[in-house]
Amino acid sequence: MGRAASDTGHSQGYTAAHATDGQAGTYWESSNNAFPQSLTVDLGAERTVGRLVLRLPAAWGGRTQTLSVLGSGDGAGWSTLKASAAYAFAEGVNTVTIPLPATAGVRHLRLTFTANTGWPAGQVSELEAYSS
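Here's what the structure looks like:
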């Protein structure tokens, strides 16, 4: 929560900062009809990352988003932590957990979205990173 975030594009005022503000009702939304789109978060220091939790507003209808997860120690060289896959957000819950191989030395996380069945853009209300 409160970490610096950036994006490759966003729609209206739905900026990357909403994905780390700790408020489930706000969200990042990428530019519409412009896949692929990325959301990048600076964790502030190198950490071990073993899983991510992605949230959308609970009141939204269900959707499936296709995305990959990349990690970097310096924000310049990136490695794939999780290959592109489809993740189903169930209506009323709208939370997805993405297990990762425990990777040390990750300071920057990048989610790259390539599809969304609920809207023509990538969407994240909260991005949470955990060590295990």
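Offset between the sequence shown (1-based) and the working numbering: plus 8. Just so you know, even glycine gets a beta-carbon here, dropped at the ideal spot from N, CA and C. This one's a predicted model, so the numbers in the text were calculated from it and none came from an experiment.
1) Can you tell me whether Y22 is buried or exposed? The criterion is at least 16 other CB atoms within 10 Å of its CB, across all chains shown.
2) Should the segment 80–95 be regarded as contacting the segment 127–136, the criterion being three or more beta carbon pairs within less than 8 angstroms?
3) Evaluate Y35 with the Cβ neighbour count: other Cβ atoms within 10 Å of its Cβ, from every protein chain shown; 16 or more gives buried, anything less gives exposed.
4) With L64 and N102 assumed to form a contact (beta carbons below 8 angstroms), what rounded beta-carbon distance in angstroms separates them?
5) Any beta carbon from chain D within less than 9 angstroms of T111's own beta carbon?
6) Between the Cα of G113 and the Cα atoms of S38, L47, T56, A32, which residue gives the shortest distance?
Walking through what the data contain:
1) buried
2) no
3) buried
4) 4 angstroms
5) No chain D appears in the structure shown, which is made up of a single protein chain.
6) T56
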